[in-house]
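Protein chains in written order, with this note's numbering: chain A, 16 to 486; chain B, 3 to 119.
Encoded as structure tokens, the structure appears first; notes follow it.
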Amino acid sequence: MIAEAVLKPGGDVATALYIVSFSLFILGLKQGTHPTTAKRGNMIAAAGMAVAVVTTLLLDGMGNWGLIAIGLAIGSAVGAYASIRVKMTEMPQMVALYNGVGGGAVALIAWSEIRHGIHIGGAMPLEDLIPTLLAAIIGSVSFWGSNIAFAKLQDLIPTRPLAVPGQQIINAVLGIGVIVLAIIIAINNDPPSQALFILILVCAAILGNLVVLPIGGADMPVVISMLNAFTGLSAAAAGFALQNVALIVAGTLVGSSGTILTMEMATAMNRSVANILFSGFGGAPAAVAGSGEQRPVTSIGAQDAAIKLAYADNVVIVPGYGLAVAQAQHAVKEMANQLEARGVTVNYAIHPVAGRMPGHMNVLLAEADVPYENLKEMDEINPEMPRVDVAVVIGANDVTNPAAKNDPNSPIAGMPIIEVSEANEVIVIKRSLSTGFAGIDNDLFYEPNTSMLFADAKAAASEVAAEIEQL
Amino acid sequence: MSLFTEFTIFVLAIFVGFEVISKVPTTLHTPLMSQTNAIHGIVMLGGLIVLGYAGDGLEYVIGTIAVAFGAINIVGGFLVTDRMLGMFAKKPKPKASPASSASRPGAVDKNDEGAGK
């Protein structure tokens, strides 16, 4: 009975079902690019995945059902638990983590393929061996790189760029070394050496660590997007090795769409991908220069802030990652409600990389039911800034730093910013004068029309809202 | 499947990927990245295949971990994308029924605090 249900690996029925599966991926992705259809698109892609998994489970000769069940059960439980519990602010590290496990799976599959090749005996055909080696290298880099990215975003290790002297050279040596090892394995492929293969996995692992460690927290989203593309490509390479059309197409789709997303994000930060990868953004010298001098700031309390806001006509809120960390989106919305009740116009100015991922702030504010039409993109709000009475900067730092425009020597020179210093008055809600991801001082804090409200974003927003209510 | 057939598919898929994702609004970058992230969970197929045909102890271990990793990637990736997009979908509602919008932020708050502990 079961025998009738099984599909021949690489046979017509299995291939046809895989084609259905990747067609659903393409449809799903296409719908994912429009806000109205995105949710449905995600479901279509998930349906495609279900087709692919069931097809694979029905392949002829499959065994080890107990282990398959264990792997599926553990993985599904962990994935479901994590995705339900994760806070929206932690989305970037969640993506990094899923990315890492995907890359890790590819590296393990490649290892298993090599062992399979050795087990069969004789020379492993190059058309299987080469993609297997590629999958191992990219998968391992992606796994370790993503883990480092996760650890940085989760504050398990410092977000500041960490670099060792001669880093670029070490990376280059490792990169070339991995390729040389792969070539040696490919030449002496009768049978391929498992020891050298494991050495490749190790070198690629070190490379993955070293490439991501020097990258500062602000650039991490771009790196995650790039590693996402890497994992996709490694899946495609595994698809070549296993001659599986679903893996090739789905992996390649993620590889190329991930590349586009990465470039779009880098453009939004006015930087090139190469610059992000190799510059070690926000180095120590700038941080030292900033902390060396003491400049006076104007500090105010919640009540003063409430008065300034309540008697304004036009208020713009500039949310940043600090708002996300403090889970302040609901408190801020409450403050905005109070202001709107008094007839104040409240808009939100969203920097393209506000939060820790492009579009991340939009997700957080959507969570707090902020109407979509009140979210203004940077290019839309900047020309209006001179007509804004009060700009409230909540948990944002580098993206408001006028040094990006005025100081050509600043590490963030040229980065597009929300030009809050053009507004009549600025209130910055921040816990201290500490620096942002870029590790540099923010000139905005010391400008004459800027008042600092030193407090936790959530507490401050609630307090200001309460004060406005009492006015 | 010949190597050249595979390459043909690979190259065509590159162009499809580029075409599909070009000009996405910034608003959707995070959910879309999350969705492509879920799709590379397709590697679980590879894990299933190597585990399904595995023949020795180490391969059992490697295969089971690979399948578990892939399942985390797939299940977590699609669920989290769905959760995220659900927040966007909620937006038109407050206008239609003010009552639901008033109750919602409170409910979300509780969840957040639970998750934070």
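C-beta: ideal position from N, C-alpha, C; glycine also.
Just the Cα atoms here: how many angstroms apart are THR32/B and ILE396/A? One-based indexing of the second sequence puts residue 32/B at position 30. One-based indexing of the first sequence puts residue 396/A at position 381. Those two C-alpha atoms are separated by around 22 Å.
Would VAL93/A pass as a contact of ILE16/B if the rule is Cβ separation under 7 Å? Indexing the first sequence from 1 puts residue 93/A at position 78. Indexing the second sequence from 1 puts residue 16/B at position 14. Cβ distance not < 7 Å, so VAL93/A and ILE16/B don't count as in contact.
Buried or exposed: where does VAL13/B fall if 16 or more other Cβ atoms within 10 Å of its Cβ makes it buried? As a position in the second sequence, residue 13/B is number 11, starting the count at 1. Burial call: exposed.
Does any residue of chain D have a CB that is nearer than 7 Å to the CB of PHE80/B? Any reference to chain D falls outside this structure, whose protein chains are A and B.
Short CB-CB distance (under 7 Å) between PHE20/B and chain A: The residue given as residue 20/B occupies position 18 in the second sequence. Closer than 7 Å: yes.
Using a 10 Å radius around the Cβ and a threshold of 16 neighbouring Cβ atoms, would you call MET3/B buried or exposed? Looking up residue 3/B in the second sequence gives position 1. MET3/B is exposed by the Cβ-count criterion.
Where does GLY26/A land, buried or exposed, given buried means 16+ other C-beta within 10 angstroms? For the purposes of this step, residue 26/A is taken as the residue at position 11 of the first sequence. Exposed: under 16 other Cβ atoms inside 10 Å.
Per DSSP, MET467/A is paired with what? Residue 467/A sits at position 452 when you count from the first residue of the first sequence. Partner(s): SER314/A and VAL443/A.
Using 8 Å as the threshold, is the region 31-46 of chain B in touch with the region 34-51 of chain A, meaning 3 or more CB pairs across them? yes
Less than 8 Å between the CB atoms is what I'm expecting for VAL403/A and ASN439/A, so what's the real figure, rounded? Counting from one through the first sequence, the residue named residue 403/A turns up at place 388. Counting from one through the first sequence, the residue named residue 439/A turns up at place 424. Indeed they touch by this definition, with Cβ atoms about 7 Å apart.
Which residue comes first and which comes last in the alpha helix (DSSP H) that contains PRO334/A? Numbered from its first residue, the first sequence carries residue 334/A at position 319. From DSSP, PRO334/A is part of no alpha helix (DSSP H) but of the beta strand (DSSP E) over 329-334.
Count Cβ pairs between the region 119-134 of chain A and the region 181-191 of chain A that sit closer than 8 Å; are there 3 or more? no
Along the beta strand (DSSP E) that carries LYS391/A, what are the first and last residues, could you check? Locating residue 391/A in the first sequence gives position 376, where the first residue counts as 1. LYS391/A -> beta strand (DSSP E) spans 390-392.
From the beta carbon of ARG130/A, is the nearest beta carbon of chain B less than 7 Å away? Stepping through the first sequence from its first residue, residue 130/A is reached at position 115. With 7 Å as the cut-off, ARG130/A counts as an interface residue toward chain B.
Under 8 Å from the C-beta of GLY337/A: neighbouring residues of chain B: What you label residue 337/A is simply residue 322 of the first sequence in a count that begins at 1. Result: empty, since nearest Cβ-Cβ is about 16 Å, beyond 8 Å.
Tell me, which residues are paired with VAL72/A by DSSP? Residue 72/A sits at position 57 when you count from the first residue of the first sequence. Before going further, note that residue 72/A is Leu rather than Val in the sequence given. LEU72/A pairs with nothing; no bridge assigned.
Would you kindly work out how many angstroms separate the C-alpha atoms of LEU64/B and TRP80/A, rounded to a whole number? Numbered from its first residue, the second sequence carries residue 64/B at position 62. Numbered from its first residue, the first sequence carries residue 80/A at position 65. The question names Leu, but residue 64/B is Ile in the sequence shown. So the alpha carbons of these two residues sit roughly 15 Å apart.
ILE41/B vs ALA265/A beta-carbon contact at 7 Å: Sequence index remark: in the second sequence, residue 41/B carries index 39 (1-based). Sequence index remark: in the first sequence, residue 265/A carries index 250 (1-based). Yes.
Is it the case that the region 276-293 of chain A contacts the region 191-205 of chain A, given that we only count it when at least three CB pairs across the two stretches are under 8 Å? no
Are the beta-carbon atoms of ILE332/A and LEU468/A separated by less than 7 Å? Start at 1 with the first residue of the first sequence, and residue 332/A comes out as number 317. Start at 1 with the first residue of the first sequence, and residue 468/A comes out as number 453. Taking 7 Å as the Cβ cut-off, ILE332/A and LEU468/A do not qualify as a contacting pair.
Since LEU262/A and LEU47/B are thought to touch, with beta carbons under 8 Å apart, how far apart are those beta carbons, to the nearest angstrom? Position 247 of the first sequence, counting from 1, holds the residue named residue 262/A. Position 45 of the second sequence, counting from 1, holds the residue named residue 47/B. 6 Å between Cβ atoms; contact.
Can you tell me whether LEU60/B is buried or exposed? The criterion is at least 16 other CB atoms within 10 Å of its CB, across all chains shown. Taking the first residue of the second sequence as position 1, residue 60/B is located at position 58. That one is exposed.
Reference ILE202/A, options THR465/A, LYS23/A, MET106/A and PRO140/A, closest by Cα: Against the first sequence, residue 202/A aligns to sequence position 187. Answer by Cα proximity: PRO140/A.
In its own chain, which residues sit with a C-beta less than 7 Å from the C-beta of ALA29/A, not counting the 5 before and 5 after it? One-based indexing of the first sequence puts residue 29/A at position 14. Excluding residues within five positions, the ones whose Cβ falls inside 7 Å are LEU22, LYS23, THR70 and LEU74.
Check whether the Cβ atoms of MET488/A and ILE76/B sit closer than 7 Å, and answer yes or no. Residue coverage of chain A in this structure runs from 16 to 486, which leaves residue 488/A outside it and unanswerable.
Where SER447/A falls, given that 16 or more other Cβ within 10 Å makes a residue buried: Translated into the one-based positions of the first sequence, residue 447/A becomes position 432. Looking at its Cβ environment, which holds fewer than 16 other Cβ atoms inside 10 Å, SER447/A is exposed.
For a contact defined as C-beta to C-beta under 9 Å, what are the partners of LEU98/A on chain B? Indexing the first sequence from 1 puts residue 98/A at position 83. Per the sequence presented here, residue 98/A reads as Ser, with Leu not at that position. By Cβ distance, chain B contributes VAL77, GLY78, GLY79, PHE80, LEU81, VAL82, THR83, ASP84 and ARG85.
Residues from the region 24-40 of chain B in contact with chain A, defined by Cβ distance under 9 Å: SER24, LYS25, VAL26, PRO27, THR28, THR29, LEU30, HIS31, THR32, PRO33, LEU34, MET35, SER36, GLN37, THR38, ASN39 and ALA40
Proximal chain A residues relative to PHE6/B, where beta-carbon distance stays under 7 Å: For the purposes of this step, residue 6/B is taken as residue 4 along the second sequence, with counting starting at 1. Result: empty, since nearest Cβ-Cβ is about 10 Å, beyond 7 Å.
Under 7 Å between C-beta atoms of ILE442/A and ALA475/A: Start at 1 with the first residue of the first sequence, and residue 442/A comes out as number 427. Start at 1 with the first residue of the first sequence, and residue 475/A comes out as number 460. Cβ atoms of ILE442/A and ALA475/A: not closer than 7 Å.
Spatial distance of LEU379/A from LEU5/B (CA atoms): Position 364 of the first sequence holds residue 379/A. Position 3 of the second sequence holds residue 5/B. Spanning the two alpha carbons is a distance of roughly 46 Å.
By Cβ distance, which residues of its chain are closer than 7 Å to ILE221/A, with the 5 residues on each side in sequence left out? Counting from one through the first sequence, the residue named residue 221/A turns up at place 206. So the qualifying residues of the chain are LEU189.
Using a Cβ-Cβ cut-off of less than 7 Å, give me the residues of the region 244-262 of chain A that come near chain B, in sequence order. THR246, GLY247, ALA250, ALA251, ALA253, PHE255, LEU257, GLN258, ASN259, VAL260, ALA261 and LEU262
Chain A contacts made by the region 58-76 of chain B, where a contact means CB separation under 8 Å: ASP58, LEU60, GLU61, TYR62, ILE64, GLY65, THR66, ILE67, ALA68, VAL69, ALA70, PHE71, GLY72, ALA73, ILE74, ASN75 and ILE76
Using only alpha-carbon positions, find the residue among GLY78/A, ALA252/A, LEU171/A and ALA343/A that is nearest to SER155/A. Here residue 155/A corresponds to residue number 140 of the first sequence, with the count starting at 1. Comparing Cα positions, the closest option is ALA252/A.
Same chain, Cβ closer than 6 Å to GLU484/A, five either side skipped, listed in chain order: Taking the first sequence and counting its residues from 1, one reaches residue 484/A at position 469. GLN353.
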